[in-house]
Each structure stands twice: as C-alpha cells, then as structure tokens.
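In UniProt numbering, the protein residues as written are 1 to 92. Where is the CB? At the ideal position from N, CA and C, for every residue including glycine. Treat the numbers as computed from the prediction; the structure is a model and nothing was measured. Shown next, in structure tokens, is the structure this report addresses.
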C-alpha cells in the first residue's frame, strides 16, 4: 500500500494540533486530497478546533457523506462564519 492511501491516526492529529496551538496556531485547514468530511474522525477534529478556540477553513463538495446534511449542520453550526455556495457555474 502506498503512503497516499494511508490515514493519519487521530491521536497524532490531536497531538499536532495541541502542540501547534502553543506556537500560535490560529486556523486549521484540513486537506485530505479529497473530501475532508469522509475522514471518520472529522467530527472529533471539529471538537478540538472548538475547544482550542481555533478557526477552521473547510472546503467541501457539500455532499455531506456518512452523517448526512442534518447531522453535519449541527456539528458545524458553531464553527461556520462564511458560506460561499457554488451550486453550478453556468452563467458568465
């Protein structure tokens, strides 16, 4: 299996975020080279972000996998500041 197919252990993610806060981390930009909401522990990352009073810059395709739109809406509610919807770019 190549390194491109490996998933980082959640404990490592948690430690890196908490250590980085001590160095002035202000914002998390999750990038999975794909849909970040597919990561099974993403809701736990959101909890860390909230607990550490960080910003999260999330780009998603809006399909809301696994939990569905309603559950993601509840989970992301306190974290959302700006939403820029792209429902289709069909006009000049």
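Proximal residues to residue i (C-beta, below 7 Å), its chain only, five neighbours per side dropped
i          : result
residue 29 : 57
residue 41 : 10
Contacts around residue i, its chain only, beta-carbon distance under 6 Å, and the 5 residues preceding and following it disregarded
i          : result
residue 17 : 48
CA-to-CA distance, residue j to residue i, given in whole angstroms
i          : j          : result
residue 71 : residue 9  : 23 Å
residue 54 : residue 27 : 5 Å
Per DSSP, cross-strand counterpart(s) of residue i
i          : result
residue 28 : 56
Where the alpha helix (DSSP H) containing residue i begins and where it ends
i          : result
residue 19 : 10 to 21
residue 6  : No alpha helix (DSSP H) contains residue 6, which DSSP labels as neither H nor E.
Buried or exposed (CB count within 10 angstroms, at least 16 for buried), residue i
i          : result
residue 12 : exposed
residue 46 : buried
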